[in-house]
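Heads up: the sequence shown begins at 34 in the numbering used here, then just goes up one per residue. All C-beta atoms, glycine included, are put in the ideal place defined by N, C-alpha and C. Before any comments, here is the structure.
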Amino acid sequence: MKATKKTILDGVLGEIRADMSVDEIIGLLSRIPYFDWVGIYLLEDDELILGPYRGPVTPHVRIPIDSGVCGRVARTGRASIVVDVSEDEDYLQCNESVKSEIAVPIKRADGILGVLDVDSNEPGAFNEVDRSFLEEVALIVSKLL
């Protein structure tokens with residue numbers, strides 16, 4: 034029997050330990066079959082700076098806060114699920130094979146710290162189950178930054 038998306042994500046969440054580094058958490062997330070690129074962008078002034086990531090090299094090492102899906106998430110403080118990247122005017126292409134993206138804010142009470150970003154080569158790969166999962170991960174990451 035094929036494991037459900039929620040079962041897979043819950044399993045990964047259960048593997049995250051308090052003594053892990055952000056890089057180790059990104060490594061765990063990269064094992065999820067449809068997470069083809071996983072990374073963290075940290076907010077510094079009005080730019081997002083690439084932190085730990087797994088996947089193909091990205092040209093987007095620094096993203097102005099007024100650009101891209103990650104910039105939108107950093108500005109609004111709200112997660113963004115992009116079902117089809119070709120239809121999102123804010124999308125910054127990292128890799129031609131990427132079809133969908135999800136980005137969630139990493140925040141604490143004092144504001145936005147950055148963005149947890151995931152790309153998939155599958156169209157429509159992400160939904161509310163992924164959003165909820167990544168928001169939990171972002172909360173854990175926020176305590177490590």
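If you look at ILE65, you'll find it isn't in any beta strand (DSSP E); DSSP assigns it neither H nor E.
Beyond the five residues adjoining it in sequence on each side, SER54 comes within less than 6 Å, by CB distance, of no other residue in the same chain. By the Cβ-count criterion, SER119 is exposed, with fewer than 16 other Cβ atoms from all chains shown falling within 10 Å of its own Cβ. Between SER153 and ALA136 the beta-carbon gap is near 12 Å, outside 8 Å, which marks them as no contact.
For LYS39, no beta strand (DSSP E) encloses it; the enclosing alpha helix (DSSP H) starts and ends at 38-48. Secondary structure note for ALA107: its alpha helix (DSSP H) is the uninterrupted segment 101-109.
Each of GLU48, ILE58, ILE65, PRO138 was checked against the Cα of ASP150, and the nearest Cα belongs to PRO138. Around the CB of ASP163, 16 or more other CB atoms lie within 10 Å, so the residue is classed as buried. In this structure, the straight-line span from the alpha carbon of GLY101 to that of ARG95 is close to 11 Å. Excluding the 5 residues flanking it on each side, ILE59 has same chain C-beta neighbours closer than 7 Å at VAL71, GLY72, ILE73, PRO85, TYR86, ARG87, in chain order. The Cβ atoms of PHE166 and LEU83 lie no closer than 9 Å to each other. The straight-line gap separating the alpha-carbon atoms of GLY104 and ASP121 is approximately 13 Å.
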